Every structure is written in structure tokens, then in C-alpha cells.
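Chains as they are written, first to last, in the numbering used here: chain A, 316 to 570; chain B, 316 to 570; chain C, 316 to 570; chain D, 316 to 570; chain E, 316 to 570; chain F, 316 to 570. Built from N, CA and C at the ideal position, the CB exists for glycine as well. Computed from a predicted model, the values in this text were never measured in an experiment.
There are 6 protein chains.
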Amino acid sequence: MKDQKVLLYEMSWPEAKAYFSTHDIAIVPVGSNEQHGPPNPLGTDHLIAKGIAEETAKQTGVVCLQVIPFGVSSHHKQFWGTISVSPKAFKKYVEETCLSLNYYGVRKIVVVNGHGGNLYALMELARELREKGIFMSVFQWWTAASKLLPDLFKPEERRHAGAEETSLNLALHSNLVKMARAVDEEVGKHMLQGEGMTLPLSTIDETSSGAFGKTRTASVEKGRMVFNAVVGELVKHVILFKKAKVDDLLQKPKV
Amino acid sequence: MKDQKVLLYEMSWPEAKAYFSTHDIAIVPVGSNEQHGPPNPLGTDHLIAKGIAEETAKQTGVVCLQVIPFGVSSHHKQFWGTISVSPKAFKKYVEETCLSLNYYGVRKIVVVNGHGGNLYALMELARELREKGIFMSVFQWWTAASKLLPDLFKPEERRHAGAEETSLNLALHSNLVKMARAVDEEVGKHMLQGEGMTLPLSTIDETSSGAFGKTRTASVEKGRMVFNAVVGELVKHVILFKKAKVDDLLQKPKV
Amino acid sequence: MKDQKVLLYEMSWPEAKAYFSTHDIAIVPVGSNEQHGPPNPLGTDHLIAKGIAEETAKQTGVVCLQVIPFGVSSHHKQFWGTISVSPKAFKKYVEETCLSLNYYGVRKIVVVNGHGGNLYALMELARELREKGIFMSVFQWWTAASKLLPDLFKPEERRHAGAEETSLNLALHSNLVKMARAVDEEVGKHMLQGEGMTLPLSTIDETSSGAFGKTRTASVEKGRMVFNAVVGELVKHVILFKKAKVDDLLQKPKV
Amino acid sequence: MKDQKVLLYEMSWPEAKAYFSTHDIAIVPVGSNEQHGPPNPLGTDHLIAKGIAEETAKQTGVVCLQVIPFGVSSHHKQFWGTISVSPKAFKKYVEETCLSLNYYGVRKIVVVNGHGGNLYALMELARELREKGIFMSVFQWWTAASKLLPDLFKPEERRHAGAEETSLNLALHSNLVKMARAVDEEVGKHMLQGEGMTLPLSTIDETSSGAFGKTRTASVEKGRMVFNAVVGELVKHVILFKKAKVDDLLQKPKV
Amino acid sequence: MKDQKVLLYEMSWPEAKAYFSTHDIAIVPVGSNEQHGPPNPLGTDHLIAKGIAEETAKQTGVVCLQVIPFGVSSHHKQFWGTISVSPKAFKKYVEETCLSLNYYGVRKIVVVNGHGGNLYALMELARELREKGIFMSVFQWWTAASKLLPDLFKPEERRHAGAEETSLNLALHSNLVKMARAVDEEVGKHMLQGEGMTLPLSTIDETSSGAFGKTRTASVEKGRMVFNAVVGELVKHVILFKKAKVDDLLQKPKV
Amino acid sequence: MKDQKVLLYEMSWPEAKAYFSTHDIAIVPVGSNEQHGPPNPLGTDHLIAKGIAEETAKQTGVVCLQVIPFGVSSHHKQFWGTISVSPKAFKKYVEETCLSLNYYGVRKIVVVNGHGGNLYALMELARELREKGIFMSVFQWWTAASKLLPDLFKPEERRHAGAEETSLNLALHSNLVKMARAVDEEVGKHMLQGEGMTLPLSTIDETSSGAFGKTRTASVEKGRMVFNAVVGELVKHVILFKKAKVDDLLQKPKV
């Protein structure tokens with residue numbers, strides 16, 4: 316599998332033809348460009364998604380697209396440099412990307428999502444695509460990590476721009492992280508927060524640094540553990556998915 | 316407070332004028348018409364939302380609108396009688412309802428949401444409304460109940476159409492529930508489910524009855540306890556919200 | 316027919332399955348929440364639509380949905396408490412409701428419309444649905460009443476929030492009507508009104524109370540006569556429609 | 316007034332500047348291209364609208380745009396040659412035309428509508444424009460004619476493509492009418508038609524020729540009488556409208 | 316061919332039926348209403364498109380629609396009297412016109428475009444229509460003229476509202492041109508213009524009269540030469556197109 | 316200027332704040348993922364755009380965003396691996412990216428466009444942004460190169476995937492080019508092509524390899540010359556643009 320190209324943007328069209336003539340699956344990484352506290356780069360979410368997706372592609376031989384860099388991030392906008400697109404625009408852009416793949420026979424799509432704020436738009440899309448004969452799964456590394464490595468971080472290290480995410484940045488591109496700026500901050504509680512209430516809060520309503528919780532305990536080593544664990548889990552999924560018959564995955568008829 | 320009308324659809328326009336001239340808050344119940352297993356009525360979600368919202372209105376003196384009956388339910392469609400509107404259509408309908416209220420000075424809106432599938436569309440709307448000077452909170456009774464009454468039900472009784480929800484139906488409109496048809500069913504796990512994966516599954520992929528988990532342990536008494544607890548929590552929220560200055564609730568400037 | 320449930324929101328999904336497996340017709344009531352002069356409740360139009368639709372459902376055994384409460388009412392907005400959605404949002408919400416029904420085999424839909432301002436959006440939808448194999452008729456009780464009971468009211472009693480509509484409110488929910496506030500008002504003529512001109516006027520351009528014409532002559536008895544007459548007419552229609560073959564109702568080919 | 320150009324498409328921009336610098340009113344003719352029975356041209360509705368609008372422009376000195384030729388005509392599509400645009404596309408095209416005029420200071424617009432099927436879309440637009448500070452009136456010649464010349468035609472001569480409309484074609488462009496092909500046809504009643512019902516019928520459901528009622532009694536003389544009468548009425552309206560202050564025409568505040 | 320009507324708006328529906336039953340091609344002229352410098356009428360682009368299209372229709376026996384008068388002209392708006400619709404609204408209006416033709420079997424459409432600003436929207440539409448089985452070509456007379464009559468004008472006479480276009484106006488409707496107002500103006504260069512840069516400039520950024528370049532050398536004779544040359548070229552195209560099999564023109568499969 | 320970060324995705328939010336507090340300009344690279352003949356990678360257009368944009372950012376100190384990878388490429392779809400989004404979805408995604416920048420004070424945007432098919436959507440956007448107070452210029456390297464280095468390539472080497480573009484790929488990422496697969500192919504002429512005609516052709520209508528013209532003469536050296544020349548030209552533009560007052564760049568008032 317090593318010699319085979321898996322990054323679509325590096326392949327020529329005859330190479331793409333060879334792949335798509337024999338495969339019905341592809342990986343689509345999506346992320347965001349948004350604040351991740353003082354130490355981390357704005358590109359954190361799309362750089363990590365790209366990193367995980369491309370490594371998984373190499374290990375499974377499944378083609379991977381260039382990362383879609385901007386997502387649904389308006390709740391971070393008070394922190395400078397955040398680029399945000401609406402759920403509608405984001406969903407449409409991803410949808411048409413997926414339909415392009417479908418034209419070449421792709422009916423199984425693994426989205427590697429680097430940013431939680433994208434999830435709702437992605438799942439709305441996934442439901443619609445399923446009606447059109449395409450099954451799309453969405454992978455989020457942090458959810459996987461908290462199950463796979465439950466003891467590696469405490470809850471207050473596992474939120475947006477916390478020690479866990481910073482560790483992953485350190486493991487993948489340590490030159491972009493300034494640990495000297497890392498902060499530990501307690502997350503505030505909104506005056507209207509009560510049981511059962513969901514409030515349309517922005518990051519700035521809960522933190523002053525942009526990081527939720529503790530960041531200083533981040534390390535390259537922990538980042539590598541996370542990376543290996545989540546890629547391992549994703550690779551397992553992709554291998555299963557690759558073998559699945561798409562007709563077994565589509566909508567069932569009325570009861 | 317007893318003599319005062321609180322249901323907007325029962326008020327005349329001069330009565331509405333009297334209310335809106337002195338209040339900037341309103342309650343908007345939304346629900347769905349979707350399958351709730353063999354014993355429960357399709358209207359469960361909008362009937363419960365209406366019940367909770369109207370009782371809260373009476374206890375707080377805050378005006379309450381007629382319930383919006385249909386929501387985002389396509390994942391239940393294989394079970395007959397489910398009415399589903401898209402997230403886009405649902406959001407637009409609720410949005411214009413809220414903007415109508417805003418024309419009369421309402422800048423605080425409490426949505427009492429009877430159906431979890433509506434949440435994403437509601438929160439997308441809530442974020443947009445906040446940019447327009449309106450703060451909207453969304454209340455979901457089942458999230459409140461599991462915090463307020465943690466021991467009343469087991470986890471497998473707390474999901475869609477389970478014993479908890481059925482109890483609430485029994486408490487509010489027992490004539491619409493046929494307990495003889497109640498089932499206890501184990502929820503299946505999808506072959507592609509793995510850590511960190513979100514899949515666009517429908518109810519039918521996980522249950523054959525439409526109910527997730529156990530239903531038979533439902534009772535009127537438990538339903539009353541839930542109703543009282545969640546209304547109590549919501550009333551507290553509404554009272555706090557009523558007093559809050561809307562300008563304290565809107566988007567903050569850049570850091 | 317008496318024992319059979321006809322309100323969709325009261326049925327469970329197995330009951331809905333039993334109905335839709337043998338019927339291709341449903342009733343959808345729609346209304347508005349808008350000013351109806353000083354004596355009448357804001358919910359007049361959706362409460363009446365619900366009343367007529369549910370009674371018709373009982374008499375014909377045709378399933379009836381929960382009423383859609385908000386409609387196209389922007390021309391009433393100067394009178395407090397009016398909730399208005401745009402024709403586009405209203406049409407979309409009703410359309411997706413109808414398409415949900417169609418998924419279960421419904422191809423004939425009777426809309427019971429309580430508010431004239433909804434008619435254009437409904438007919439635009441009806442034309443589109445017909446192209447998709449669904450025939451939708453729209454019933455408006457006031458048009459029927461003026462033909463069926465031509466002498467019961469004078470023209471100036473038959474307009475928005477006049478004696479006729481107030482009578483119907485008295486017959487269905489007299490507790491919501493304050494006859495002491497009823498007014499008789501002459502409708503003004505706009506300075507630009509001429510033969511053949513249609514002007515985008517609002518209610519406030521023509522009346523100061525919100526009622527067009529005479530209201531004081533309303534009575535419970537007249538309301539009952541109207542209710543019985545229009546339900547009788549609608550029942551006749553529903554029975555005919557029920558028997559009709561849908562293929563006879565769809566678009567004909569080119570000449 | 317005679318020497319002054321009034322057709323916008325014949326004016327140069329300096330001439331337009333001279334006009335718009337001193338006027339805030341314009342005439343916009345709209346029509347359709349649709350079947351008008353065997354004797355009449357498909358362009359009937361836009362040709363008549365253009366004829367009435369341009370004559371009115373000459374008599375009042377108010378600028379008139381080129382006619383918008385295609386409208387909402389899907390109900391005629393079974394008869395060959397009918398061009399139909401959706402209400403949405405039609406409304407948008409007219410809206411942006413009106414907003415272009417508004418950029419030059421126009422706040423009063425007289426739409427001369429040659430086709431009844433356009434009315435709903437036009438009035439929806441008119442309501443929206445009024446909110447933006449533009450007052451738009453819509454003139455329909457046939458409504459005016461039945462009031463101004465009540466005895467000139469019988470009801471069965473006054474409908475789509477009947478003797479009245481054919482007479483107007485004869486008066487304006489007799490070379491396009493083939494009276495030898497004129498028919499008298501009785502309009503059918505649909506099996507589902509009842510009191511209070513509106514059905515989404517197409518022309519072909521009611522006539523086989525495309526003409527509703529009697530056509531053979533059309534004449535040039537009657538056509539001239541209609542033309543003169545309706546232009547006279549429209550001229551009166553335009554003169555009144557020209558003098559009106561636009562601020563007196565806009566939405567009033569809440570009561 | 317002389318006796319046959321070719322203007323759709325002059326035909327009755329039986330005549331249209333006779334044509335469309337035996338032809339699958341139609342001509343759609345589109346233009347704009349926009350400033351063309353001091354001497355030329357605002358309607359220049361739609362009047363010329365209509366002139367070329369109708370003459371071509373007569374010479375080829377291919378049916379021609381009424382001209383669509385308003386197009387994408389916002390870059391001219393600083394010059395009074397310009398009517399502009401957005402690319403989206405323009406495209407939609409033309410699209411639905413084309414789909415109406417398609418209902419009668421038309422699968423080949425020749426758009427005669429009088430205004431360059433419409434081209435992008437038209438080509439986006441043409442690509443979409445091709446996917447739907449309709450092949451649409453777009454003819455622009457000025458591009459043809461510069462190839463067919465390369466020496467008749469210098470480059471600075473061939474731009475918007477220059478001598479070439481003015482000549483065509485003189486040839487077709489000399490009464491609408493005031494040559495006394497013709498100007499010769501040098502076009503300015505924007506401070507940010509560099510190699511490879513496209514800037515969103517408006518006409519007013521480059522000229523003060525609205526005309527780009529030289530106008531004074533216009534003449535009726537040159538206009539006639541242009542008219543004859545471009546109609547000749549278009550007639551050749553239409554004849555070829557008429558004979559072509561539409562299936563040879565549609566999208567090819569993947570390589 | 317060397318020590319300063321210029322890639323937005325590498326900056327933290329405090330670094331972004333420092334930049335945007337003192338600058339009102341940014342660079343946005345956009346490209347496509349589409350076939351570029353047998354030797355070139357599908358990512359050609361976005362990789363080149365990214366390369367030029369990031370180098371220009373370094374030389375000018377102007378911040379540069381992550382490249383937007385997918386564009387308007389449906390005309391290449393018959394060649395495998397092409398990802399295409401509609402002009403509408405592409406424009407919306409870029410628009411919201413630009414508006415996010417605007418929130419931080421950016422009013423001047425340089426789009427480095429790697430794919431000609433994106434141009435129309437970008438210019439439509441640029442016109443709209445200008446109305447909102449943002450001036451956007453669009454740079455296309457191939458247009459610049461043909462002016463700056465007119466003799467380096469012949470016309471048949473300068474088209475899509477030809478020797479010029481292949482040379483640039485060789486200069487920037489030679490490992491992704493397989494020169495052994497380079498072809499020289501003559502571009503075909505469509506049977507309906509005539510003077511003044513624009514046809515909605517796809518690449519496959521004109522070439523069988525996906526490359527238009529000659530590719531074999533590509534070389535690293537020529538690629539470097541092109542890269543240096545176009546970056547040099549773009550740097551000049553960015554420096555001028557940086558100094559310009561945005562108010563001098565916006566729409567002028569009516570004449």
C-alpha cells in the first residue's frame with residue numbers, strides 16, 4: 316500500500332480513475348480557523364483534522380481530500396482572527412464536495428471533523444445524503460480520546476484549547492505552539508444557566524483567554540498518545556466501512 | 316396573577332397591548348408530531364411542551380403562544396404518522412414568530428422544546444437572534460429531569476418514548492396512552508459505531524418498536540413528579556430571565 | 316365510525332399505520348394568531364379552523380392534524396399581539412407537512428384555512444403539489460357561509476372580525492369573547508382607491524378598531540347556524556373527495 | 316407635455332436625470348405570454364399592458380418602463396406556447412426593477428398588470444416595498460372596465476380571452492387577431508367544486524379552447540371604448556398619486 | 316417562409332402548437348436598460364437584441380420570443396435611468412423561460428444577448444441546462460462584428476456606447492439617437508490596475524460620460540453593415556443548430 | 316519583516332489582534348481540485364495559489380489565509396477526481412470568509428485565484444462587497460505572466476494544463492509532476508462554434524487528455540521565471556493597495 320498515492324490533490328486524473336474505478340469510499344477532512352487560546356495557532360482544528368485524516372488514508376489506502384479550512388465558528392469571533400462561515404454555507408460547500416465524489420462512484424464518506432461547532436451542519440447533511448444513497452460518518456478525535464484514554468487528562472483539560480488539544484498540536488506541529496503563553500482558567504457559569512437550559516453563549520461569555528480550563532499540562536508525549544490512539548480507532552472504522560455494502564447502510568423502508 | 320390572561324391566543328389585541336407595553340419576555344412552546352412507540356400518542360412532544368409552557372406561564376405571568384406542532388423528525392419517519400419538517404423550514408417558521416414578538420418589544424424568549432431533534436435548529440436561530448438584540452433560551456424537560464430527579468428512572472427508562480416520557484403523558488393526558496401496548500426493548504448497536512463516530516442513524520436502525528429502552532415502568536405518579544420538578548425549574552429560570560436586563564445578555568465586543 | 320380516533324396527534328403509530336394503509340386523504344387545519352378587534356381572541360382563526368376541521372374529521376372518519384397556528388398576517392401588525400410569518404415561510408412549513416403525509420400514501424389533502432391572508436400561499440402550494448401527484452383543496456368557511464346562509468348577515472357584518480366571525484367564536488368558545496367591547500365601525504376608503512386598483516393596504520388604513528364593519532349583532536345562535544352549515548358543506552366535500560380517484564384529479568396533458 | 320419623452324427606454328441618461336431629479340413616480344407594465352384561445356395572440360397580456368401604460372404615460376408625463384413580458388401562467392401550460400415563470404422568480408425580477416428605480420428617488424410605482432395570475436406575487440411585493448418606503452399600486456384594466464362599463468359585456472364575455480379582452484386586442488393590434496377562429500364555449504364545473512372551496516385548477520380543467528365563455532361578440536369599437544375608459548381611470552389615479560406625499564402612504568405605527 | 320409567423324407573441328396557441336410539434340429550437344433575445352452615453356437611448360441593448368433576433372427569426376423560420384428587457388447592469392448605476400437586476404434574479408427569470416419552452420419540446424435555444432454584463436449569468440445557466448438536456452448558445456453581436464468587420468472601427472470605437480454600437484442604433488432606430496450629444500472620451504486607468512488583476516470597477520471609475528472611447532464617428536451606413544454582417548453570421552449558426560441532433564450536443568460521459 | 320508571522324492559521328489570536336489592529340488588508344488564496352492532464356496533480360490550482368499567495372505575504376507582511384481548495388470546475392468533471400462546487404456555494408463560502416475578516420477591520424482583500432473558472436463568481440462577489448465598504452481585487456497569475464513574459468511560451472503552451480502551468484508545478488512541487496505523461500494535443504473546434512457565439516462546452520468537448528495544447532516543453536527553469544515574475548507583480552500591487560485609502564476605492568455617487 317505504501318507506493319500508492321492517497322492524497323487526491325497529489326494524484327493525476329488517470330490515478331484518480333484507477334482508484335475510483337475500484338473503490339467507493341473517501342475521506343474528507345474539515346476544520347476551522349478560530350482562536351485556540353493564547354498558545355495555539357488559529358489553524359488548530361483544520362491542521363489536526365488534516366493530520367489525522369492523511370495518516371489514516373496512508374494506513375488504509377483510502378483516498379483523502381484536501382482539508383476544508385473554515386467552519387462554523389461564530390461563537391469564537393470576539394477573539395481576533397477567527398474566520399466563520401454560517402452552517403448553511405458550510406453545509407453547502409461540504410455537500411457539493413461530497414456530490415462531486417459521488418459522481419465517481421463514492422457512496423461512503425468519512426468526514427474527519429476537527430471542530431465541534433461543525434457537527435450539527437455535518438449531521439444534517441449526513442441525513443440528507445443518506446436519502447440520496449450516500450452514507451457519511453463523522454469522526455471527532457476528542458470524543459474518541461476521552462473513551463480510549465480516559466485517564467490521560469482530567470475533564471478540565473479536555474475542553475476547547477485545553478491541555479489535550481494543545482498536546483496534539485505539540486505532537487503534530489510544535490513550532491506553532493507557544494507554551495509560555497499557556498493558561499489555566501476556570502470556566503464561568505452564566506447567570507441564566509439552569510437545569511435543562513441551553514443558552515446561545517459565546518466563548519467570551521465563559522472565558523477571558525479563549526481556552527476552557529487547563530492548558531499548561533500539555534506535552535508532546537501525551538499528544539503522540541492521543542494521535543496514535545485516535546488514528547488507530549479511525550483506521551479500524553475505515554477498514555470496517557470499506558468492507559461494508561452500502562445498500563446495508565441506507566434508509567430502511569417503513570415498518 | 317390569577318385573573319390575568321397569559322395565553323396569547325386567548326387575549327384580544329387591547330389585552331396584548333397592555334401586556335407587551337410592560338413586558339419584554341414571552342414563552343414559545345414547540346414540539347413535534349412523531350412516533351413514540353406503541354402506547355403513546357404521536358402528539359406527545361407538542362402536547363407536553365404545551366402543558367409545561369402554559370403552566371409556567373400561569374405561574375409567572377409571562378405570556379405564552381400557541382404551540383408550534385411540527386418539528387424536525389425525519390429520523391422517525393419509518394414509523395407511521397410522523398410529520399417532519401426540515402431544520403431550515405422549522406427554523407424559519409420559529410424565527411418569524413420570534414421576530415413578530417420582537418415588533419412588540421419582546422427581546423427575551425423562552426422556547427419550551429418538547430423534541431430533542433429540534434435543538435440544533437433552535438440553537439442556530441438563538442445565535443442569530445442574539446446578534447439582532449434578542450436573547451433566546453431553550454428548555455428541554457428531560458435534561459432537567461435527569462438532573463433534578465436522578466434516581467426516579469434508570470438510564471434505559473429515560474430515552475425517547477421510554478418510561479419517563481410515558482409517565483409524563485400519563486400525568487397530562489392519560490386517556491391518550493395505552494399502557495397495555497408498552498414494551499421494553501433493548502437498543503441495538505450499529506455495525507459502524509466506534510469511539511468518536513457520529514452516524515446519521517434513524518430510529519429504525521436501533522429499535523423495532525420506536526421506543527428506546529424500557530417503557531412498562533411508567534406511572535401517573537412519576538409523571539406528576541417529573542412535571543412538577545421541571546415546571547419548578549423552568550419557573551425559576553423565567554423569573555430570573557424576566558428580571559435580567561437584556562443588554563447584559565447580548566453579544567460582548569471583541570477582546 | 317365513532318370509536319375510531321381521527322386526530323392524528325392522539326393516535327399511536329400503529330393506529331396511524333392502520334389508517335394510512337387504507338386511506339389516501341387527510342385534513343390539515345391552518346390559521347393565524349392575529350387581532351380580531353377588541354372583543355375577539357387573537358387565536359380566532361386557528362381556533363375556528365381547528366374546530367371545523369376536527370368536527371369534520373369526526374363526521375367523515377378522515378384523519379385530521381394538529382392546527383398550524385401562525386399564518387400570513389403582516390397587514391394586521393399594527394394591532395398588538397399579531398404573529399405573522401411570511402408567505403414563503405408559511406408555504407414551506409405547510410408544504411413539508413403535506414409531503415410527510417404523502418410519504419404514508421396521502422395524495423388528497425383538505426386544508427381548512429381559517430385566515431384569508433393565507434390563501435395565496437396555499438394556492439401556490441396547491442399548484443405545485445398537483446404537479447407532484449397530490450391534490451389539495453382549500454376550504455374557507457366564510458365564503459361558504461355567505462352562499463349557504465345569504466340572509467343571516469348583511470355584507471357589513473361579514474368581514475374580518477365582524478358579527479359573523481364573532482358569532483362563530485361565541486358558538487365555539489364563548490368564554491374568549493368580550494361582547495361588551497364589540498364595536499360597529501365604518502370602513503374607510505383610501506385616497507388612492509379607484510376602479511381596478513389594488514393597493515397594499517393594512518387594516519389600520521381602513522379601521523381604527525381592527526374590526527371591519529359591524530360586530531354587535533353577533534350571537535351564539537347565529538354562530539351555531541354558521542358552524543353547522545359550513546361543517547355540513549365541508550363534510551359533503553370530504554366524502555366526495557374521499558371517493559374520487561386521485562389520477563382523475565391530476566394535471567392533464569397538453570391539448 | 317407633448318414634447319417630453321416618457322418611455323424610459325427611449326431616453327438617454329441625461330434625459331432620465333432631468334426626469335428623476337424632479338419626479339418620484341414611475342409606471343411599470345407587466346404581462347404574460349400565454350394562450351388566449353384560438354383567435355388571440357400569445358402576447359395579449361403584455362401587449363395590452365404596454366399599450367395602456369404607454370398611453371397613460373403620455374397623458375400624464377410620468378415615465379414608463381419597457382414591459383416585462385413573462386409572468387405567472389402555469390395554469391395555461393397545456394395550451395401550446397405559454398411561457399411561465401414561478402411567482403418567486405417573477406416577484407424577484409419585478410422587485411429588483413423597482414429597487415433600481417428607487418435608487419433614483421422613485422418611491423411611487425404604478426404597475427399596469429395585464430395578467431391576473433401575476434396579482435398575488437405583485438401584492439406580496441407591494442407589501443414588502445411599502446416597508447421599504449415605496450408605495451406600489453397595481454392596476455388591472457378588466458376590473459376597472461366591469462365597473463366603468465358594466466353594460467358593455469355580459470359576465471360570460473368578460474373572462475379570460477373572452478369578447479372583452481378580444482375587443483381590446485382588436486382595438487390595439489387587429490392584425491394579430493383571427494376572429495374567424497373565435498369560439499363561444501361554456502365553462503365546466505369541477506366535480507369537487509363546492510361552496511367555500513378553492514381548487515388548484517388549470518384552464519384545461521374548465522375549457523377545451525382556452526377561452527372562458529363567449530368571444531364572438533368582440534369588436535374594434537367595443538375595444539376602443541374599453542381602452543379609453545380604463546386609460547381615463549388610470550390617468551386619474553396617476554395624477555392623484557403624483558400629487559400625494561409618499562410619507563402619507565407608508566405604514567402607520569402601532570395603535 | 317414569408318407567410319409563417321415567427322414571433323411567438325404574435326402567434327395563437329394553435330399556431331404555436333403547429334410550430335413546436337415540428338421544431339425543437341427557439342430564439343430568446345435578452346438585453347438591458349442602461350445608460351449608453353449622452354446620445355443613445357437607455358433601451359439600446361434590448362432594442363438591438365430584439366432587432367437582430369427578430370430579423371434572424373424571419374430569415375430562418377425559427378420562433379423568437381419577446382425580448383427580456385432588464386439585465387445585469389449595476390456597474391452603470393451611477394448614470395441615471397439604469398435598471399439593474401442581480402445575476403441571480405436574471406438567471407432565474409431566463410431559466411424559467413427556457414424551461415417553459417422545453418415543456419413544448421424545445422431542446423435548442425439561441426440567446427441573442429445585447430449586453431455583455433449578462434454573459435456570466437447566461438453561461439452559468441447554459442451549463443445547468445445542458446445537464447438537463449437543453450443546449451443553449453449565446454450570441455453577442457459585438458464579438459462577431461470585430462471578427463467579421465475588423466477594419467470598420469478602431470478598438471477605441473468598439474467599446475460600450477462607442478461608435479460601433481451607436482451606429483447600430485442609428486441603423487435600427489435613428490430617431491432615438493442624438494448625435495449632437497456624442498462625445499469622444501479617453502478611458503481612464505485605475506490606480507490599482509496591474510497585470511493579472513481584475514477589479515470590480517464601475518463605468519464611472521473609467522469615464523465621465525458613460526461612453527468608453529470614441530462615438531462621433533458613428534453612422535447609419537456603418538450600422539447597416541454591422542447589422543447585416545452579424546445577422547448573416549447568426550443565421551448561419553441557427554441553420555446549423557437547427558439541423559444538429561440535440562443528443563450530439565449534450566454532456567459526454569466520463570473518460 | 317522576516318520575524319513576523321504572516322500565515323493566519325499559524326498565528327494565535329493575540330498575534331492576529333496585533334496585526335488587525337494596525338492593518339486593514341488580507342490575502343485570500345482560492346483554487347480548485349480538478350484534472351490538469353495526465354502529468355499534473357489534481358490540486359494544481361490550489362497549490363499554486365497557495366504558493367504565490369504565501370510568498371507574497373512574506374514579502375509584503377500582509378496576512379494570508381489558508382487556501383480554499385475547491386472551486387467551480389464542473390466543466391472538467393468527465394476527467395476523474397475533479398471536485399466541483401457551484402458558483403453559488405463557492406461565492407457564499409468566500410463571501411463569509413471575507414466578512415469574517417471585515418469584522419476585524421479588513422476592508423481590502425486580495426484574492427489570489429488559481430483557477431479561471433472561479434472568476435465570475437469572485438467578481439460578482441467583489442461587486443457586492445464594494446457596496447458594503449470592502450474592496451476586493453482578484454489576481455490571476457496566467458494573465459499576468461502572458462503580459463510580463465510574452466515570449467516565454469507560445470499561445471498553445473499557455474492554456475489549461477499546458478507547458479506554462481506545468482512549469483509552475485515543476486518549480487513549486489516537482490515531485491507531483493510526471494513529465495513522462497505529458498502530451499501535446501491540438502484543441503478541437505466545436506461544430507456550432509461561430510463568430511460571436513459562446514457555447515457551454517466542457518473540456519472533454521475539446522481535448523481527450525484534459526490538457527489544452529502543448530505540455531512537453533515545460534521546465535523547472537521556466538516555472539521559476541513565471542513564479543518570480545508573477546509574485547513580483549503581485550507584490551507591487553499589494554504594496555500599492557496597502558497604502559491606498561479604502562474610501563477612495565468605494566463606489567462613487569450618481570453623476
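**OP:** With 9 Å as the threshold, decide whether the Cβ of K493 of chain C is near any Cβ in chain B.
**Re:** Yes - at least one Cβ of chain B is within 9 Å of the one on K493 of chain C.
Original post:
Between P329 of chain A and D339 of chain C, what straight-line distance do the alpha-carbon atoms span, to the nearest angstrom?
Top reply: For P329 of chain A and D339 of chain C, the distance between alpha carbons rounds to 52 Å.
Subject >> Residue of A:V321, A:A544, A:L564, A:G528 minimising C-alpha distance to F450 of chain A >> reply: With distances taken between Cα atoms, F450 of chain A lies closest to A:L564.
**OP:** Determine the DSSP secondary structure at V387 of chain C, reduced to helix, strand or coil.
**Re:** Note: V387 of chain C maps to coil in three-state DSSP.
**OP:** Would you please state the rounded distance, in angstroms, between the beta carbons of H351 of chain A and E480 of chain A? I believe it to be under 8 Å.
**Re:** The Cβ separation is near 7 Å, so the contact holds.
**OP:** List the residues that DSSP assigns as beta-bridge partners of N428 of chain F.
**Re:** N428 of chain F pairs with F:V345.
Original post:
Mapping DSSP to helix, strand and coil, what is S524 of chain B?
Top reply: DSSP places S524 of chain B outside both helix and strand once states are collapsed to three, so it counts as coil.
**OP:** Measure the beta-carbon distance from S388 of chain F to H430 of chain F and round it to whole angstroms, keeping in mind my assumption that it falls under 8 Å.
**Re:** With a Cβ gap of about 7 Å, S388 of chain F and H430 of chain F count as contacting.
**OP:** Tell me where the beta strand (DSSP E) around V453 of chain A begins and ends.
**Re:** The continuous beta strand (DSSP E) containing V453 of chain A extends over residues 450-454.
Original post:
CB A331 of chain E to CB V378 of chain E, shorter than 9 Å?
Top reply: Taking 9 Å as the Cβ cut-off, A331 of chain E and V378 of chain E qualify as a contacting pair.
Subject >> Bridge-paired residues (DSSP) for S399 of chain C >> reply: DSSP, once it has assigned bridges, lists C:G386 as partnering S399 of chain C.
**OP:** Return helix, strand or coil for E536 of chain E, following the three-state DSSP convention.
**Re:** DSSP places E536 of chain E in helix when its eight states are reduced to three.
Original post:
Using a beta-carbon distance below 9 Å, is P344 of chain F in contact with chain E?
Top reply: Against chain E, the CB of P344 of chain F has no partner CB under 9 Å away; the residue lies outside that interface.
Subject >> Contacts around G448 of chain C, its chain only, beta-carbon distance under 7 Å, and the 5 residues preceding and following it disregarded >> reply: Counting only Cβ-Cβ distances below 7 Å, and skipping sequence neighbours, we find R422, L565.
Original post:
Are P356 of chain C and L491 of chain C touching if we call contact CB-CB under 9 Å?
Top reply: Yes, the Cβ-Cβ distance between P356 of chain C and L491 of chain C is below 9 Å.
Original post:
Taking any Cβ of chain E, which residues in the segment 345-366 of chain D have a Cβ under 8 Å from it, in chain order?
Top reply: Cβ contacts with chain E: N348, Q350, H351, G352, P353, P354, N355, P356, L357, G358, H361, L362.
Original post:
Shortest alpha-carbon distance to G396 of chain E belongs to which of D:E349, D:L549, D:A333, D:M506?
Top reply: It is D:A333 whose Cα lies nearest to the Cα of G396 of chain E.
Original post:
In its own chain, which residues sit with a C-beta less than 7 Å from the C-beta of Y408 of chain F, not counting the 5 before and 5 after it?
Top reply: Cβ neighbours of Y408 of chain F beyond the five flanking positions: I383.
**OP:** Kindly confirm or deny that the segment 549-568 of chain E and the segment 363-381 of chain E touch, where touching means at least three C-beta pairs closer than 8 Å.
**Re:** As far as the Cβ criterion goes, the segment 549-568 of chain E touches the segment 363-381 of chain E, which means the pair count is three or higher.
**OP:** Note down, in chain order, every chain E residue with its Cβ under 9 Å from the Cβ of A441 of chain F.
**Re:** The contacting residues are T513, L514, P515.
Original post:
Any Cβ of chain F within less than 9 Å of the Cβ of A331 of chain A?
Top reply: So, interface residue.
Original post:
For M576 of chain B, does the three-state DSSP call read helix, strand or coil?
Top reply: For chain B, the structure presents residues 316 to 570; residue 576 of chain B sits outside this window and is missing.
Subject >> Other residues of its chain near A569 of chain B: CB distance less than 6 Å, five sequence neighbours each side excluded >> reply: Checking the sequence, you will find Lys at residue 569 of chain B rather than Ala. Nothing meets the Cβ criterion.
Original post:
Could you check where the alpha helix (DSSP H) with E446 of chain A kicks off and where it finishes?
Top reply: Element bounds for E446 of chain A: 434-446.
Subject >> DSSP three-state assignment for V378 of chain F, whether helix, strand or coil >> reply: V378 of chain F falls in the strand class under three-state DSSP.
**OP:** Use the C-beta contact count for K317 of chain C: other C-beta atoms within 10 angstroms, 16 or more gives buried, fewer gives exposed.
**Re:** For K317 of chain C, the pLDDT reaches just 49, beneath the cut-off of 50, and the residue's location in the model is therefore unreliable, leaving the point undetermined.
Subject >> Spatial neighbours of H505 of chain E in its chain, beta-carbon cut-off 8 Å, leaving aside the 5 residues before and after >> reply: Once the five neighbours on either side are set aside, the close Cβ partners of H505 of chain E are L514, L516, D520, E521.
Original post:
In three-state terms, what does DSSP make of D580 of chain F?
Top reply: Here chain F has residues from 316 to 570 only, and residue 580 of chain F is not among them.
Subject >> For I424 of chain C and A341 of chain C, believed in contact at Cβ under 8 Å, the rounded distance >> reply: Yes, they are in contact, since the Cβ atoms of A341 of chain C and I424 of chain C sit about 6 Å apart, within 8 Å.
**OP:** Determine the burial state of L323 of chain E: buried for a count of at least 16 other Cβ atoms within 10 Å of its Cβ, exposed for fewer.
**Re:** L323 of chain E comes out buried.
Original post:
Taking just the CA atoms, how far does S534 of chain E sit from H488 of chain E?
Top reply: Approximately 12 Å between the Cα atoms of the pair.
**OP:** Find the residues of chain A that neighbour K407 of chain F, judging by a C-beta separation of less than 7 Å, and give them in chain order.
**Re:** The answer, in chain order, is A404, K407.
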